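Trainee:
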Amino acid sequence: MRYIKTMMLALTALVLPAQSLLAVTDKEMEEARTYTAKSYLRYVNNGSGYLDEVNVKTMSELNSKLKAKEKENIAAFNAVKVPQDYAAWDKKQLVEYWAATFFTSPGLDPNGKGARQRVRKYIEEMTVASPKSAAAQPAETPAEPEAPRNAPTAETGIPEDGQLAPDDVTPQDQADILADQKDIEKAAEESREDRPEEQNRTWVYVLVLAILIGVVIWLVIYAANLMKRQPDGRRDDDDEPSTSENELREQTRKAIAAKNQELEQMRRALEEAERRAAALAAELEAERRAHRHIEPEPKPEPKPEPKPVPKQQLLKVIYLGRANKRGIFVRADRRITEGSTIYRLDTNDGLVGTFHVVDEPEVVDLALTDPAEFLANGCAGEDLLDTAGVTRITTQSAGTAIFENGYWKVLRKSRIRYE
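Start counting the sequence shown at 23; every next residue gets the next number (the working numbering).
In structure tokens form, the structure reads like this:
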């Protein structure tokens with residue numbers, strides 16, 4: 023039976039993982055306690071994020087890094103007594119105490135229990151020294167004088183090459199060997215039971231991170247598309263809804279077409295009136311001659327009707343003040359008004375016209391005092407706000423304005439240059 027026990031001890035040493043062959047020293051116990059304290063404080067106070075950057079292995083080093091709130095919270099941690107029999111622990115016992123048993127101690131903050139998984143991770147990454155019990159093992163007994171191979175020894179009656187004769191193994195011995203082997207396999211399985219949970223948690227973190235990255239990419243694409251829809255970066259600060267340039271052009275075209283149609287109707291009515299007048303004049307002349315018994319003179323050949331001459335369009339000049347942010351000219355006069363006039367507008371029909379900055383010294387001086395107020399909403403050009411040394415404003419291309427809802431409004435800005 024002594025030989026069977028010796029075989030079982032050897033088999034246990036081969037099957038159990040290396041973790042069970044490690045024991046805990048004072049230094050390792052202090053390091054595990056420090057990791058637990060740092061993790062506990064991190065979960066007790068939401069404002070202790072700075073502890074993630076603290077890398078210490080002793081409680082004294084940790085205490086020197088703590089802020090006032092953590093120094094207050096660590097009092098409950100220090101009140102828990104540390105077991106004194108840890109020298110006989112293996113690594114698994116060390117992990118289970120600090121990651122599970124410790125957090126059941128009375129007096130601890132309930133929020134600190136959230137640190138258990140982090141504590142387990144830290145301590146499982148530690149290296150534990152060889153057990154003291156292994157060092158205290160007695161040295162191997164000197165070898166007995168060599169006996170013939172496969173000969174039984176005098177003490178145990180078992181051959182030295184470790185093989186039992188079939189007659190020497192009893193059914194009870196076989197049952198004991200199988201039971202011990204099952205216990206060894208169960209211990210090895212328990213040492214790996216925490217790995218799947220930790221791997222599952224890692225995949226959850228990776229999935230959450232991937233979702234966050236996807237949300238950020240979607241926001242960037244959405245912002246880029248929004249900027250494309252507003253290429254000039256302009257905002258509509260007006261209280262009233264703005265009208266696009268195409269809509270304004272369409273309204274102008276319709277207004278001009280309506281006016282032309284009215285003129286055509288008036289021309290036709292005038293021609294009809296002229297024809298009726300000529301007919302009446304002929305009838306009157308016939309009646310006059312009949313009453314005087316005068317032979318009627320031969321009827322003159324009708325003269326070709328004169329082609330209608332289009333009414334000459336008259337050019338109107340209007341002097342306008344500054345334009346506001348909505349492009350509306352705030353003032354319109356028949357002549358230049360000192361302190362108000364900025365632009366001259368020329369129009370033939372009173373509906374659409376062209377405008378430019380008045381080339382008069384007093385107007386130029388007024389516009390240059392505040393170009394953002396007097397010029398920016400009606401003119402375009404380079405460095406409009408830089409007026410240093412400017413004496414004259416030259417119009418490169420006139421702007422276009424439309425008369426709408428009782429006021430003149432900018433349709434296209436005038437292009438100017440400083441001199």
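Every residue, glycine too, gets a C-beta built ideally from N, C-alpha and C.
The structure presented is a predicted model; accordingly, all values stated were derived computationally and were not measured.
(1) Just how far apart, CA to CA, sit A59 and G71?
(2) Any heavy atom of the ligand SAH closer than 7 Å to the CB of D387?
(3) Determine which residues share a DSSP beta bridge with V379 and list them.
(4) Which of the three DSSP states, helix, strand or coil, is assigned to T417?
(5) Rounded to whole angstroms, what is the Cα-Cα separation between V432 and E267?
(6) Output the distance between the C-alpha atoms of K143 and L63, rounded to the nearest integer angstrom.
(7) From which residue to which residue does the beta strand (DSSP E) around V141 run?
(8) Do G375 and D368 have their C-beta atoms within less than 8 Å of each other?
(9) Would you mind sorting H378 into buried or exposed? The rule is 16 or more other CB atoms within 10 Å of its CB.
(10) Between the stretch 77-84 and the stretch 48-56, do three or more beta carbon pairs fall short of 8 Å?
(11) Residue range of the beta strand (DSSP E) that Y429 falls in?
(12) Out of P383, R353 and V386, state which residue places its alpha-carbon closest to the alpha-carbon of G428.
(13) With burial defined as no fewer than 16 other Cβ atoms inside 10 Å of the residue's Cβ, what is the status of S419: buried or exposed?
(14) On the criterion of 16 or more Cβ atoms from any shown chain inside 10 Å, does S86 qualify as buried, or is it exposed?
(15) Determine the DSSP secondary structure at E426, reduced to helix, strand or coil.
(16) Buried or exposed: A345, going by 16 or more other Cβ atoms within 10 Å of its Cβ?
(17) Are the Cβ atoms of I364 and G349 separated by less than 8 Å?
(18) To the nearest whole angstrom, what separates the beta carbons of W111 and V66, a pair I think is in contact under 8 Å?
(19) By the 10 Å Cβ neighbour count, where 16 or more other Cβ atoms means buried, how is A165 classified, buried or exposed?
(20) I'd like to check one pair, L130 with A98: are the Cβ atoms closer than 8 Å?
(21) In whole angstroms, give me the CA-to-CA distance for L407 and A394.
(22) Grouping DSSP H, G and I as helix and E and B as strand, with all else coil, what is L229?
(23) Write down the C-beta distance between I278 and L373 rounded to the nearest angstrom, noting that I regard them as a contact closer than 8 Å.
(24) Less than 8 Å between the beta carbons of R434 and T422, yes or no?
(25) Between which two residues does the beta strand (DSSP E) containing L342 stretch?
Mentor: In short, the structure shows the following:
(1) 14 Å
(2) By its list of ligands, the structure shown contains no ligand whatsoever, and the ligand SAH lies outside what it can speak to.
(3) Y365
(4) strand
(5) 10 Å
(6) 16 Å
(7) Per DSSP, V141 belongs to no beta strand (DSSP E); it is in the alpha helix (DSSP H), R138 to E146.
(8) yes
(9) buried
(10) yes
(11) Y429 to R434
(12) R353
(13) exposed
(14) exposed
(15) strand
(16) buried
(17) no
(18) Between V66 and W111 the Cβ distance is about 26 Å, and since that is not below 8 Å, they are no contact.
(19) Residue confidence for A165 is low, a pLDDT of 44 falling below 50, so the modelled location carries little weight and cannot support an answer.
(20) yes
(21) 7 Å
(22) helix
(23) 7 Å
(24) yes
(25) K338 to L342
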